[in-house]
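Undergrad: Quick one: the structure is below, and I'll ask about it shortly.
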Amino acid sequence: MEKMMDAIVKPVAGVGLELRRVPVPVPGPGEVLIKVHKTAICGTDVHIYNWDPWAAEHIKPPMTIGHEYVGEIAALGDGVKGVEIGQRVSGEGHITCHHCRNCHSGNIQWCKNTVSVGVDRDGAFAEYVCIPETNLILIDESLPEDVVAFFDAFGNATHTALMWNLVGEDVLITGAGPIGIIAAGICKYAGARRVVITDLNDYRLGLARKMGVDAAVNTGREELQAVMKEQGLVEGFDVGLEMSGSGVAFRQMVGLMRNGGKISLLGLGNKPIELDMNQIIGKGLTLQGIYGRRMDNWHQMSYMVQGGLDLTPVITHRFHYTEFEEGFAAMNSGNSGKVILDWTK
Ligand SMILES: [Zn+2]
Ligand SMILES: [Zn+2]
Numbered sequence: 006m007e008k009m010m011d012a013i014v015k016p017v018a019g020v021g022l023e024l025r026r027v028p029v030p031v032p033g034p035g036e037v038l039i040k041v042h043k044t045a046i047c048g049t050d051v052h053i054y055n056w057d058p059w060a061a062e063h064i065k066p067p068m069t070i071g072h073e074y075v076g077e078i079a080a081l082g083d084g085v086k087g088v089e090i091g092q093r094v095s096g097e098g099h100i101t102c103h104h105c106r107n108c109h110s111g112n113i114q115w116c117k118n119t120v121s122v123g124v125d126r127d128g129a130f131a132e133y134v135c136i137p138e139t140n141l142i143l144i145d146e147s148l149p150e151d152v153v154a155f156f157d158a159f160g161n162a163t164h165t166a167l168m169w170n171l172v173g174e175d176v177l178i179t180g181a182g183p184i185g186i187i188a189a190g191i192c193k194y195a196g197a198r199r200v201v202i203t204d205l206n207d208y209r210l211g212l213a214r215k216m217g218v219d220a221a222v223n224t225g226r227e228e229l230q231a232v233m234k235e236q237g238l239v240e241g242f243d244v245g246l247e248m249s250g251s252g253v254a255f256r257q258m259v260g261l262m263r264n265g266g267k268i269s270l271l272g273l274g275n276k277p278i279e280l281d282m283n284q285i286i287g288k289g290l291t292l293q294g295i296y297g298r299r300m301d302n303w304h305q306m307s308y309m310v311q312g313g314l315d316l317t318p319v320i321t322h323r324f325h326y327t328e329f330e331e332g333f334a335a336m337n338s339g340n341s342g343k344v345i346l347d348w349t350k
């Protein structure tokens, strides 16, 4: 008889999710079955819950969602070698083709045939998830599981922040969502002089302060130029990390960069953004779009946490998975950082 498990499923097109009994996946050749311990809710999951236009275009119900998780290896498919049942793991959520030009050059984050766990195929908000062994990430037992649960988001932040030299640099982060706040922690850890973060949400700016930013600015009522002066900035920001997807925030960032500044862009907007190209050209700015993370980022993340980077301030809620509705309500309220769901009992 087929083994069954609990899973958080998008049952049909429309708002909401459902806790359902579904078959435990069976790992095929080259695949690994993972028993899930903890998961974290991502902005992507909230889009799927709310069934916005992006979700309606990308999600094919019924399917299990979720892609931020930590667990242990529960079963190995044929041909999987070098790992053992019981090892603690997470997984790279982008399953790449291994054959395109970017895959061949090691830039898997740019694979043109990416299939995403919890978006294009069944995800990790379940007692078990199945992924190819090439996507498996071994996780050291010294790392706290609540933090490893959101390594996927930490990876986005790592890739965005470590794109540029940060030592002695002044960094502006627009958008204090969980990834922006985590990126702020990384920038301080990596040696930035000043890290300034902006948002319109005071709760999230408060979390960013706990992460150790030099200034958390509500641009709805505070003047960013005055803050720059207070912080001793003379020529503008050296590095910009755009995490909001907001045209207003991005244009402000471009205006406040020093000549020769570097910007990485992670925040996806819901509409095209108008830009003054002359400013980008005149200032000689470098713009880098960021998608996903590099495989090497997973190692950097583990080592930064072992080296003392404390990401626990970004965790604001913990629920049992059967209370997922409360978790999504917290995310939708805007008054949350990372929300962790426990699958261990
Ligand atoms: Zn995510
Ligand atoms: Zn590829």
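Residue numbering for the sequence shown follows the numbering used here, beginning at 6 and increasing consecutively. Cβ coordinates follow ideal geometry from the N, Cα and C atoms, glycine included. Since we're looking at a predicted model, the values are computed, not measured.
1. Please report the straight-line C-alpha distance between D83 and G294, rounded to a whole angstrom.
2. Just to confirm, is the Cβ distance from V200 to A189 under 8 Å?
3. Find the nearest neighbour of M282 within the set G211, A231, V259 and L143, judged by alpha-carbon distance.
4. Please tell me whether, using a cut-off of 7 Å, the distance from the CB of G97 to the nearest non-hydrogen atom of ligand 1 is below it.
5. With a cut-off of 8 Å, do at least 3 Cβ pairs link the region 48 to 66 to the region 115 to 133?
6. What are the partner residues of K40, as DSSP defines its beta bridges?
7. Starting from the Cα of T97, find the closest Cα among H304, S341 and E330 and give me that residue.
8. Starting from the N-terminal end, write out each residue whose C-beta falls within a distance shorter than 6 Å of any non-hydrogen atom of ligand 1.
9. For A4, count the other beta carbons within 10 Å of its own beta carbon; 16 or more makes it buried, fewer makes it exposed. Which is it?
10. Where K267 and G289 are concerned, what is the direct C-alpha to C-alpha distance, given to the nearest angstrom?
11. For the putative contact between D318 and L205, defined by C-beta atoms under 8 Å, what is the C-beta separation to the nearest angstrom?
12. Give every residue of the same chain whose Cβ lies closer than 6 Å to the Cβ of G272, excluding the five residues on either side of it in the sequence, and list them in chain order.
13. Report, in whole angstroms, the separation of the C-beta atoms of K43 and V75, which I expect to be a contact under 8 Å.
14. Pull up the DSSP beta-bridge partners for R93, would you.
15. Restricting to Cα atoms, I'd like to know which of G332, E279, D175 and T327 is closest to K193.
16. Relative to the C-alpha of L314, which candidate in F242, T327, Q230 and K215 has its C-alpha closest?
17. At which residues does the alpha helix (DSSP H) containing G311 begin and terminate?
18. Determine the contact status of E279 and G252, defining contact as a CB-CB distance below 8 Å.
19. Start and end of the alpha helix (DSSP H) containing T165?
20. Just how far apart, CA to CA, sit A154 and G287?
21. Going by DSSP, name the residue or residues bridged to V244.
22. Verify the contact flag: T101, CB atom, against every heavy atom of ligand 2, threshold strictly below 7 Å.
23. Exposed or buried, what is L210 when buried is set at 16 or more other beta-carbons lying within 10 Å of its beta-carbon?
24. Measuring alpha carbon to alpha carbon, tell me which of H99, L177 and R299 ends up nearest G160.
25. For ligand 2, I want to know if K117 counts as a neighbour, meaning its beta carbon is within less than 7 Å of at least one of the ligand's heavy atoms.
26. Are I187 and A220 close, meaning C-beta to C-beta below 8 Å?
27. Do the region 128 to 146 and the region 30 to 37 make contact, defined as three or more Cβ pairs closer than 8 Å?
28. At a cut-off of 7 Å, is G107 close to ligand 2 when judged by its beta-carbon and the heavy atoms of the ligand?
29. Hey, F329 and I13 are a contact pair by Cβ (cut 8 Å); roughly how many whole angstroms apart?
30. Please find out if some non-hydrogen atom of ligand 2 comes closer than 7 Å to the beta-carbon of H42.
31. For P277, which of Y296, S269, T69 and R256 has the nearest alpha-carbon?
32. Counting C-beta neighbours from all protein chains within 10 Å, is the total for S338 16 or more, i.e. buried, or is it exposed?
33. How big is the Cα-Cα spacing for H322 and I345?
34. Consult DSSP for E23 and reduce its assignment to one of helix, strand or coil.
35. Going by other Cβ atoms of all chains shown within 10 Å of its Cβ, with 16 needed for buried, is T69 buried or exposed?
36. In this structure, how does DSSP classify R199 when only helix, strand and coil are distinguished?
TA: Taking the structure as given:
1. Cα to Cα, D83 sits roughly 38 Å from G294.
2. Yes, they are a contact pair.
3. Distances from the alpha-carbon of M282 to those of G211, A231, V259 and L143 put V259 closest.
4. At residue 97 the sequence reads Glu, which differs from the Gly that was named. With a threshold of 7 Å, the Cβ atom of E97 does not count as near ligand 1, since no heavy atom of the ligand is closer than that.
5. The region 48 to 66 is in contact with the region 115 to 133.
6. By DSSP's assignment, K40 forms a beta bridge with E77 and Y133.
7. Per the sequence shown, the amino acid found at residue 97 is Glu instead of Thr. Of the candidates H304, S341 and E330, the one whose C-alpha sits nearest the C-alpha of E97 is H304.
8. With the criterion CB distance below 6 Å from any heavy atom of ligand 1, the matching residues run C47, T49, H72, E73, D157 and A158 along the chain.
9. With the chain covering 6 to 350 only, the question about residue 4 has no answer from this structure.
10. When rounded, the distance between both Cα atoms is 9 Å.
11. According to the sequence displayed, residue 318 carries Pro and not Asp. Actually they are not in contact, since the Cβ atoms of P318 and L205 sit about 20 Å apart, beyond 8 Å.
12. A distance below 6 Å between beta-carbons, with the five flanking residues on each side excluded, links G272 to the following residues of its chain, in chain order: G180, E247, M248, S249 and G250.
13. Right, the Cβ-Cβ distance comes to about 5 Å (below 8 Å), so this counts as a contact.
14. Beta-bridge analysis with DSSP links R93 to E77.
15. Of G332, E279, D175 and T327, the residue nearest in Cα terms is D175.
16. Closest by alpha carbon: K215.
17. It is worth fixing the name first, because residue 311 is Gln in this sequence and not Gly. That run of the alpha helix (DSSP H) goes M300 to Q311.
18. Taking 8 Å as the Cβ cut-off, E279 and G252 qualify as a contacting pair.
19. Bounds of the alpha helix (DSSP H) holding T165 are F156 to A166.
20. Their backbone Cα atoms lie some 43 Å apart in a straight line.
21. Paired residues: V176 and K267.
22. Yes; taking the cut-off as 7 Å, the Cβ of T101 has a heavy atom of ligand 2 nearer than that.
23. By the 16-neighbour rule on beta-carbons within 10 angstroms, L210 is buried.
24. Closest by alpha carbon: R299.
25. K117 Cβ: within cutoff of ligand 2.
26. 8 Å or more divides the Cβ of I187 from the Cβ of A220.
27. With the rule of 3 Cβ pairs closer than 8 Å, the region 128 to 146 counts as touching the region 30 to 37.
28. In the sequence as presented, Gly is not what sits at residue 107; that position holds Asn. Within the chosen limit of 7 Å, ligand 2 reaches the beta carbon of N107 through at least one heavy atom.
29. I13 and F329 do touch by the CB rule: their CB atoms are close to 5 Å apart, below 8 Å.
30. Ligand 2 never approaches H42 closely enough for any of its heavy atoms to be under 7 Å from the residue's Cβ.
31. Nearest option by C-alpha distance: R256.
32. The residue in question, S338, is exposed, as its Cβ has fewer than 16 Cβ neighbours within 10 Å.
33. Each residue's alpha carbon lies about 6 Å from the other.
34. E23 falls in the strand class under three-state DSSP.
35. It is buried - the Cβ of T69 has at least 16 other Cβ atoms within 10 Å.
36. In the structure shown, R199 sits in a strand (DSSP, three-state: E or B).
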